[in-house]
Structures are given as structure tokens and as C-alpha cells.
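In UniProt numbering, the protein residues as written are 1 to 315.
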């Protein structure tokens, strides 16, 4: 491989790495003057107990200064050109809501592009090393770059999928206790909204955070049934969807809400037991693998080898 070309590629990789390190260091550094005075400005929309979060955000908190001004322009151009290669934006926005992330679609796309660039750099470095050391065809550099970029994008997507699964498992684990607490509050004479307020004050976790969003939407003027249905659409969990449907039907028809909540909590516990039994059955089969392929052959060897040794000595 040409030494000049190799030196140029290595210099380009080094410059890109140094640029990313410097811009990231600036992004996590001391806040700017505008960020420090933003909460004191009259025009700034401060957080409130109703919204449950900060409505104003600095450039750094939105991730816009991660790569600087030039990097933001370049990133926008790359995202516009690469948009047809990605999945639907509505589907991605729904997945981000299920993950509980406050990032928008453009932020996630930027992270995917950065992951692809990092993978491409790693793949090109490996390809250059193979081309120099192992005397492989130079085309391995292009192959490594393409494979590395694809692997980087796929890893970011897989990270989002795993985050969604972990969050939904945590919500299902928290659901029986939250439903029992709501049932106790309703049985004590509180309304559905009052029980929801008590849960938001006492409980912690992913499900409690979603209930705080439901309570904020209710206080903003939406009906409780509408807010709960929006919550069910955000989470996309079957058990929580049945829970919301039961509460909505109980509110509309005047059914005792405490009994409905207790029944929903018991259904989730039964579902957890069934899942545990299924996992135990799969683990039982998986436990046979080391027994059949390792322990059993070793036992046969211990049993047969002495006899074979005696036969060899006899003859």
C-alpha cells in the first residue's frame, strides 16, 4: 500500500478524533453566560409541578453544541441526505417515547450517524492494519469501512430496543404494587384522580413517572380517560392497556373502581407467574446441555478407561 496514502488516512483519523474530543470537552465544560442567566429571565418558561420538568433547555442540554456550529450544519446536511436510508420518523418517535427518552428524532439520528462514523473509522483502521501487516488486498479497507458503519448504526438501534425492553419490564414489575395502592386509596373514599395523585406522591419508578405525566395532562384540561388512553398508547404494554381499559370502563359505567384495580393487579401477578414458569422450563432444558455434552462423556470416560487400560496391559 502507498505510504503517502496510508499517512494521509491516519492523519485524517487522528484529526477527526481530536476534533471530537475537543468539541465534547467544550460541551461538558462550564455553562455559558446565557445559560446561567436563562432561569432569571422573565421570558424563560420555568418548570412547574404541573409539567413535571424543565421547559427551557440550554443548547448543551439539547445536544446542539456536541459538535459545535460547523458540526451542527454538517450533521444536518448528512441527516437530510441519509433520511431515506432510515426507518419511518413516526415509528422512531413512538419508540423513543416507549424508551422514556426526551430526545427527538433528529437527536437520535445524529447519534446513529456518529455511531456509524465511529464504526467506519474502526473498520477502516482494522482494514488498513490488515492491508499493511497481512499483505491483504487494499479493497479490505473499503469492506471494513462499510461493515463498521453498518455495525455502528445497528448497535445504536439495538441499544434503543434493549432500553425499551428493560423499561417495560420495570413497569410491569412496579404495576401490581401501584395498582394495589390505587385500590386502597379508592376504597378509602378518594376519587380516581385523588388516588392517582397519592400514587404520584408516594411511588417512584418508571410507572410512577408515567402516572405523573397522566396527572399533568389531566390538570391541563384533558379528561382522565383521554389521559389514560394516551398513556396506554405511549407505553404499548398489553397489561397496562388492559388496566387502562378497565379503569375507563369503570369510570364510564360506574363500576366500583377498587375491585377493578385489585383484579387487574391479580391478573398481572398471574401473568408474572406464567412467565416465570415458562422461563424455568426453558432453563431446565438449557441445563441439560452441559450434562449431556460435558458431564456424561466425562463419566463414560472415567468408567471405560480403566477397563481399556487393563485390556491393553493383558495383551
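Just so it is clear, CB atoms sit at the ideal spot from N, CA and C, and this is done for glycine as well.
Between the options, which lies nearest to residue i when the distance is taken from Cα to Cα?
i           : options               : result
residue 242 : 175, 292 and 92       : 175
residue 139 : 133, 169, 127 and 170 : 127
residue 162 : 5, 117, 277 and 100   : 100
residue 151 : 256, 222, 121 and 194 : 121
residue 252 : 282, 223 and 266      : 223
residue 208 : 286, 178 and 89       : 178
residue 276 : 20, 173, 7 and 146    : 173
residue 187 : 238, 170, 260 and 244 : 260
residue 258 : 285, 183, 144 and 220 : 183
residue 206 : 169, 254 and 225      : 169
residue 9   : 106, 88 and 145       : 145
Within 10 angstroms of its Cβ, does residue i collect 16 or more other Cβ (buried), or is it exposed?
i           : result
residue 240 : buried
residue 309 : exposed
residue 166 : exposed
residue 299 : exposed
residue 218 : buried
residue 98  : buried
residue 247 : buried
residue 102 : exposed
residue 18  : exposed
residue 164 : buried
residue 115 : buried
residue 297 : exposed
residue 118 : buried
residue 45  : Residue placement at residue 45 is flagged as unreliable, the pLDDT there being 40, under the threshold of 50; the coordinate-derived value follows with that caveat. With fewer than 16 other Cβ atoms within 10 Å, it is exposed.
residue 264 : buried
Would you give the residue range spanned by the alpha helix (DSSP H) that residue i belongs to?
i           : result
residue 104 : Looking at the DSSP string, residue 104 is not in any alpha helix (DSSP H), and its letter there is neither H nor E.
residue 138 : No alpha helix (DSSP H) holds residue 138; DSSP gives it neither H nor E.
Within the 9 Å Cβ cut-off, does residue i reach chain B?
i           : result
residue 269 : The question asks about chain B, but that chain is absent: this structure has only one protein chain.
Check your understanding: What are the start and end residues of each continuous beta strand (DSSP E) run of 3 or more residues lying completely inside the UniProt domain "Type II secretion system protein GspF" (180-302), in chain order?
Key -> Listed in chain order, the beta strand (DSSP E) elements of length 3 or more contained wholly in the UniProt domain "Type II secretion system protein GspF" (180-302) amount to none.
Check your understanding: How about the stretch 204-219 and the stretch 230-237: do they share at least three Cβ pairs that are nearer than 8 Å?
Key -> Flag = yes, the stretch 204-219 and the stretch 230-237 touch.
Check your understanding: Between the stretch 266-275 and the stretch 195-212, do three or more beta carbon pairs fall short of 8 Å?
Key -> Counting C-beta pairs closer than 8 Å gives fewer than three between the stretch 266-275 and the stretch 195-212, which falls short of the contact rule.
Practice item. Flag this pair as touching only if the stretch 110-126 and the stretch 152-166 have three or more C-beta atom pairs under 8 Å; answer yes or no. Key: Look at the beta carbons and you see the stretch 110-126 touching the stretch 152-166: at least three pairs across the two are nearer than 8 Å.
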